[in-house]
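Chemist: Sharing a structure below in C-alpha cells format, with a few things to ask.
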Amino acid sequence: MKLLVVCLGNICRSPMAEGALRARIAASTLAGRVQVDSAGTGGWHAGEPPDRRAIACARGHGVDIGEQRARQLSVGDFHAFDWILCADRANLRDVLRLAPPGRRDRVDLLLAWAGIETDGEVPDPYTGGPDDFQQVWRLVDSAAQAVVTRLGVR
Ligand code: 4NP
Numbered sequence: 781m782k783l784l785v786v787c788l789g790n791i792c793r794s795p796m797a798e799g800a801l802r803a804r805i806a807a808s809t810l811a812g813r814v815q816v817d818s819a820g821t822g823g824w825h826a827g828e829p830p831d832r833r834a835i836a837c838a839r840g841h842g843v844d845i846g847e848q849r850a851r852q853l854s855v856g857d858f859h860a861f862d863w864i865l866c867a868d869r870a871n872l873r874d875v876l877r878l879a880p881p882g883r884r885d886r887v888d889l890l891l892a893w894a895g896i897e898t899d900g901e902v903p904d905p906y907t908g909g910p911d912d913f914q915q916v917w918r919l920v921d922s923a924a925q926a927v928v929t930r931l932g933v934r
C-alpha cells in the first residue's frame with residue numbers, strides 16, 4: 781500500500797507526518813509493506829528540506845526527517861498512490877480540485893482516515909512557535925499509531 785500525505789508547503793506538517801508514519805510502520809509488522817511519501821499543494825518550497833523547526837521537533841521525538849525534500853503534488857500522484865491524506869480542509873479542497881475522475885474517493889483528511897478525529901485538522905504551524913510544532917507532532921504521531929493498528933489487523 782502506498783500513502784501520500786499532503787499539506788500546503790510540504791515543509792512542516794506533511795514531512796512530520798511522513799516521518800512519524802515511516803517510524804511507526806518500520807517498528808511494526810507492516811514494515812516493508814506500506815510506503816509513505818509527502819507533497820504540497822503549493823510548489824514554493826520545492827527542492828528544500830523541511831523547515832528547521834519541523835526537523836528539530838521530529839529529532840526531539842527520535843525521528844530524522846532532514847533528508848526529505850519538498851515537492852508539489854502532481855496529477856500522476858493520484859495514480860501512483862492508494863490514498864492521498866490531507867492535513868486540513870483547505871488542502872482537501874485543493875487536492876480534490878486536482879483529482880482525476882474516479883480518484884476522488886481515494887482522498888481524505890489524515891486524521892479522519894486514521895480514525896482518530898472525524899473532520900479533524902492538523903493546524904498549520906508555519907507562523908507559530910515551538911508549541912505549535914509539538915502539537916503537530918502529537919497529532920501526526922497519534923495518526924501514525926492509529927494507521928498502524930488499523931492496517932495491521934487487516
Ligand atoms: P506546511 O506549512 O503546509 O505544514 O508545510 C507551510 C509552509 C509554508 C507556507 C505555508 C505553510 N508558506 O506559505 O510558504
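Heads up: the sequence shown runs through residues 781 to 934, numbered per the numbering used here. We put the CB at the ideal spot given by N, CA and C, even for glycine.
Tell whether a beta-carbon distance below 8 Å holds between P830 and I864.
Modeler: If you number the sequence shown from 1, residue 830 lands on position 50. If you number the sequence shown from 1, residue 864 lands on position 84. Not a contact, by the Cβ cut-off of 8 Å.
Chemist: Alpha carbon to alpha carbon, what distance is there between V916 and Y1002?
Modeler: The shown model of the chain, from 781 to 934, leaves out residue 1002, and the question about it has no answer.
Chemist: Nearest to R849 by CA position, among D817, C837 and V920, is which residue?
Modeler: Translated into positions along the sequence shown, residue 849 becomes position 69. Checked all of D817, C837 and V920; the closest Cα to R849 is D817.
Chemist: For G842, which residues in the same chain have their Cβ closer than 8 Å to its Cβ, ignoring the five residues on either side in sequence?
Modeler: Reading the sequence shown from its first residue, position 62 is the one you call residue 842. Answer for G842: A803, listed in chain order.
Chemist: Where F913 and H859 are concerned, what is the direct C-alpha to C-alpha distance, given to the nearest angstrom?
Modeler: Taking the first residue of the sequence shown as 1, we reach residue 913 at position 133. Taking the first residue of the sequence shown as 1, we reach residue 859 at position 79. Taking the straight line joining both Cα atoms gives about 31 Å.
Chemist: Pull up the DSSP beta-bridge partners for S818, would you.
Modeler: Residue numbering aside, residue 818 sits at position 38 when the sequence shown is read from its first letter. Partner(s): V785.
Chemist: How far does the beta strand (DSSP E) with W824 in it reach, from first residue to last?
Modeler: On the sequence shown, residue 824 is found 44 positions in, with the first residue counted as 1. Per DSSP, W824 belongs to no beta strand (DSSP E) and is neither H nor E.
Chemist: I'd like to confirm the pairing. Which residues does DSSP put opposite Q852 in its beta bridges?
Modeler: Start at 1 with the first residue of the sequence shown, and residue 852 comes out as number 72. Note: Q852 sits in a beta bridge opposite G820.
Chemist: Which stretch, first to last residue, makes up the beta strand (DSSP E) that contains I845?
Modeler: Counted from its first residue, the sequence shown places residue 845 at position 65. Premise fails: I845 is in no beta strand (DSSP E) and is neither H nor E.
Chemist: Could you tell me which of R884, E798 and R813 sits nearest to D921, measuring between CA atoms?
Modeler: One-based indexing of the sequence shown puts residue 921 at position 141. Comparing Cα positions, the closest option is E798.
Chemist: Between which residues of its own chain and L931 is the CB-CB distance below 8 Å, once the five residues before and five after are set aside?
Modeler: In the sequence shown, the residue the question calls residue 931 occupies position 151. Excluding positions up to five away in sequence, the list reads M781, L810 and V814.
Chemist: Is the beta carbon of L935 less than 8 Å from the beta carbon of A923?
Modeler: Residue 935 cannot be examined here, being either before or after the span of the chain that is shown, 781 to 934.
Chemist: The beta strand (DSSP E) spanning D888 covers which residue range?
Modeler: Walking along the sequence shown from the start, residue 888 turns up at place 108. Here the beta strand (DSSP E) through D888 covers V887 to L889.
Chemist: Would you report the Cα separation of D844 and R873, rounded to the nearest angstrom?
Modeler: Along the sequence shown, one-based indexing puts residue 844 at 64. Along the sequence shown, one-based indexing puts residue 873 at 93. About 30 Å.
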